Structure formats: structure tokens, C-alpha cells
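K.L.:
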Amino acid sequence: MNHKGNLDDLQTIIKGCGFSVDEVKAQEHGHQIRTNEGAIINWYTSTGKVVIQGKKLVKDRLVDAWNSYNGDTPLGAAQPNETSETPAPNTPVNPTTANKKVFVVHGHDTTAREQLELVLHKLGLNPFVLANTSGGGLTIIEALEAEIGTDNNQARFGIVLMTPDDMGYSKIDGVDNVQARARQNVVLEMGMLISAVGRGNVAILKKGHIEVPSDAQGILYIPFNDHVKETVPKLADRLRAAGFVLNPQSITNASS
Numbered sequence: 000m001n002h003k004g005n006l007d008d009l010q011t012i013i014k015g016c017g018f019s020v021d022e023v024k025a026q027e028h029g030h031q032i033r034t035n036e037g038a039i040i041n042w043y044t045s046t047g048k049v050v051i052q053g054k055k056l057v058k059d060r061l062v063d064a065w066n067s068y069n070g071d072t073p074l075g076a077a078q079p080n081e082t083s084e085t086p087a088p089n090t091p092v093n094p095t096t097a098n099k100k101v102f103v104v105h106g107h108d109t110t111a112r113e114q115l116e117l118v119l120h121k122l123g124l125n126p127f128v129l130a131n132t133s134g135g136g137l138t139i140i141e142a143l144e145a146e147i148g149t150d151n152n153q154a155r156f157g158i159v160l161m162t163p164d165d166m167g168y169s170k171i172d173g174v175d176n177v178q179a180r181a182r183q184n185v186v187l188e189m190g191m192l193i194s195a196v197g198r199g200n201v202a203i204l205k206k207g208h209i210e211v212p213s214d215a216q217g218i219l220y221i222p223f224n225d226h227v228k229e230t231v232p233k234l235a236d237r238l239r240a241a242g243f244v245l246n247p248q249s250i251t252n253a254s255s
């Protein structure tokens, strides 16, 4: 088992698994967390390795809950025939990310879009792709205005999938300098998305060598070549920085 986040993220996952943190101690190579239920979690920060100790029943319950946890609701709570000094919480431990909706902006590369959807589902997130909905007669820009926001049913994070769907060149440079570029509507929607939720809540995935807007060079791009899963490590970091708590096993699955 591995954990690539920080100590706070680790405690959030443990609590989300239905366990109550009793003590946190710094050790030479990392941290040790003890729970009221008797589980002992040793986290080695240099490698990310997590070792769980304790009575077999408690240990197995935490391992099972860890592998199932996606950040939504507490899992692995004590069963009626088990005892626990502290009952599992009845509400999500991470309410700011209980809404897992992620708004997706994309071009004409259907394969890359479907790869991204699969990655997001494996991470326990809910991608909103207008092409997969009835649309309600809305354009993508109207949908963005309706679906992005702070309400519980709105997305507070967006992903822009930039793929080489068009070819273009500057009139000054001439046709000999033609380059692959994303569709112009994708560039427009990227700007709207960043304006709506802020740069920290947007991840831009860039497929292959592709021209990007000259006034957007300061924006962080996550590159990939053959499959969107290549972006998972950096995408997971971006999601965590935005407040999402992701299951370590889910990240591994999404990368494979």
C-alpha cells in the first residue's frame, strides 16, 4: 500500500475508512498513526509506503476500506457484532469534495476523450461531458455557465483536453510553418473555465506536439503522447491541490 499525498490527506483517508485517529507521532522515516480501534499505520514518507499493523480483524477491515475508499463517504465502519470505542462518523469527512463532478472541455478526438472519462471514473470522479448528456439544448458555453459554480450539484474543477484536431499558421510565418493546434472553441472554453474557477482548479492535458496560445504560456500543461493515463500522476497532484482526496489504489488503477 502506498500514499503519495501529505499527512493531512492520510488522516482524512483513515477517518473516511471509518476509523478514529487517536495519536499521530513523527518517526525517523515518517509518521505513525494509531486509531481508537487498535489499528497502527506506519507511513514512510520517502517512499510513500504504508504498513498497517494491529489485530487481524481490525487490520483487515482497514485494508478493505482503504482499497474501497474514494473520498465520498466513510467506509469500513464497525459492524453490529464488532466493538469500537468511537463510532464511525455519519457524514462525509471531506465535505468540500463530496461533489465529485469534473467539467470536461474537449475537441474532436473521441478516443482521447473516452480515455479521460475512464481515468476519471477510476479515480472515483464524475466527469461531465456535454456529448454524453441530452444537453438540454445548451451550447457548450451555456453548459459551462450552468454547470460550473459553488453549488453542490455544480463542478468546481475542470479539465481541458487539448488534442491536435486542427492545423494552422501565422500569416507572417506562412504555410511552411503550419502546426497542429487545438480547435479554437477549446481555447475559448479553456479561457472561460480558468476565469470561472481559477487556474488552481483547472488541469490542461496536451496531446503530443501542439501549438498553444501565446498568451497562455504561463499556464501549467500536463503532456501525454499515446494515452491519457500517462497524465495520472500529475493530474492526481493537481486534483489533490484543489482539495480532492483520492484513494491511492484508485490512482494506481487509473495509471495502469
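Just so we're aligned: 54 in numbering that gives the first Met the number 0 is position 55 of the sequence shown, and the numbers increase by one with no gaps anywhere. C-beta atoms are modelled at their ideal positions from N, C-alpha and C, and glycine is treated no differently. Note that the structure is a prediction, hence the values are computed from the model and not measured.
(1) I need the boundaries of the alpha helix (DSSP H) containing residue 144, first residue and last residue.
(2) Quick check on the burial criterion: 16 or more other C-beta atoms within 10 angstroms. Buried or exposed for residue 18?
(3) Whether or not the segment 186-196 and the segment 162-169 are in contact is what I'm after, with contact meaning three or more pairs of Cβ atoms, one per stretch, closer than 8 Å; do they touch?
(4) Would residue 205 and residue 221 qualify as a contact pair, given that the criterion is a beta-carbon distance under 8 Å?
(5) Which residues in the same chain have their Cβ closer than 7 Å to the Cβ of residue 231, if we skip the five residues on either side of it in sequence?
(6) Comparing alpha-carbon positions, which option in 5, 141, 120 lies nearest residue 240?
(7) Looking only at C-alpha atoms, which of 60, 210, 45 sits nearest to residue 39?
(8) Between residue 29 and residue 54, is the Cβ-Cβ spacing less than 8 Å?
(9) Quick check: what's the CA-CA separation for residue 199 versus residue 143?
(10) Which residue comes first and which comes last in the alpha helix (DSSP H) that contains residue 227?
(11) State the Cα-Cα distance for the pair residue 15 and residue 130, rounded to the nearest angstrom.
(12) My assumption, with CB atoms under 8 Å, is that residue 196 sits in contact with residue 157. Please give the rounded CB distance.
(13) Taking the CB atoms as reference points, tell me whether residue 246 and residue 47 lie closer together than 8 Å.
(14) Taking all protein chains shown into account, decide if residue 101 is buried (16 or more other Cβ within 10 angstroms of its Cβ) or exposed.
(15) Under the three-state reduction of DSSP, which class applies to residue 63: helix, strand or coil?
(16) Give me the Cβ distance between residue 21 and residue 41, rounded to the nearest whole Å; I'm assuming they're in contact under 8 Å.
(17) Can you check whether the CB of residue 13 is closer than 8 Å to the CB of residue 23?
(18) Go through its chain and collect everything with a Cβ distance to residue 126's Cβ below 6 Å, but skip five positions before and after it.
(19) Please name the residue or residues paired with residue 26 in a DSSP beta bridge.
(20) Work out the CA separation of residue 211 and residue 174 for me, nearest whole Å.
(21) Near residue 201, what residues of its chain come up, given a Cβ to Cβ distance below 6 Å and the 5 sequence neighbours on each side ignored?
(22) Report the residue from 176, 183, 11, 50 whose alpha carbon sits nearest the alpha carbon of residue 105.
P.N.:
The answer reads as follows:
(1) 139-146
(2) buried
(3) no
(4) yes
(5) 118, 250, 253, 254
(6) 5
(7) 60
(8) no
(9) 17 Å
(10) Segment: none, residue 227 is in no alpha helix (DSSP H) and carries neither H nor E.
(11) 33 Å
(12) 6 Å
(13) no
(14) buried
(15) helix
(16) So it is not a contact: roughly 15 Å between Cβ atoms.
(17) no
(18) 101, 103, 116, 119
(19) 29
(20) 18 Å
(21) 157, 192, 193
(22) 183
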